[in-house]
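In the working numbering, the protein residues as written are 2 to 156.
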């Protein structure tokens, strides 16, 4: 299987108004059609819902800290190449070396953010191997906050 299975869904929006409309429809319609959900966290960055659907537990995270005009803008904001896949309602979009890196379980950063070091460990636990020189580049990055706690969509 080329792509890993995931039960995490991150939803990005173009505006605050679009976000609010989605939350309203999700909370109203989901309760009537599917059953229950639970808000597991509500931060400045996102609201996370936990639910059970199709015999799986799902985490749906609605990102509200930043808004994007296009799916490409969203993907270009991610640091790790194997995270650069998205669906905009009409098409699946990938960036960078996503397909090759996912197929070979190679962990490669296009950019570093304050949480990159923690994401490196997380994805290594998923079975990814850092690309040659990736750990050294990460350690030398000025963008790393070694004491950072999860406060944005990078974790």
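Glycine is no exception: its CB is placed at the ideal position from the N, C-alpha and C atoms.
Rounded to the nearest angstrom, what separates residue 115 and residue 139 at their Cα positions? Cα-Cα distance, rounded: 10 Å.
Around the C-beta of residue 122, are 16 or more other C-beta atoms found within 10 angstroms, so that it is buried, or is it exposed? exposed
Pick helix, strand or coil for residue 77, following the three-state DSSP scheme. helix
Pull up the CB-CB distance for residue 109 and residue 132, whole angstroms please, since I reckon it's below 8 Å. 4 Å
How is residue 99 classed by DSSP in three states: helix, strand or coil? Taken through DSSP and simplified to helix, strand or coil, residue 99 comes out as helix.
Sheet register partners of residue 47 (DSSP bridge): 64
Taking C-alpha atoms, which residue in 93, 19 and 65 lies nearest to residue 44? 65
Alpha-carbon spacing of residue 81 relative to residue 40, whole angstroms: 27 Å
Assign residue 107 to one of three DSSP states: helix, strand, or coil. If DSSP states are grouped into helix, strand and coil, residue 107 belongs with the strands.
Tell me which same chain residues have a C-beta within less than 6 Å of the C-beta of residue 129, skipping the five on either side of it? 106 and 108
Under 8 Å: do the segment 44-61 and the segment 85-100 share three or more Cβ pairs, one atom per stretch? no
Does the beta-carbon distance from residue 245 to residue 83 come in below 8 Å? The requested residue 245 does not occur in the structure, where the chain is confined to residues 2 to 156.
Helix, strand or coil for residue 39 per DSSP? strand
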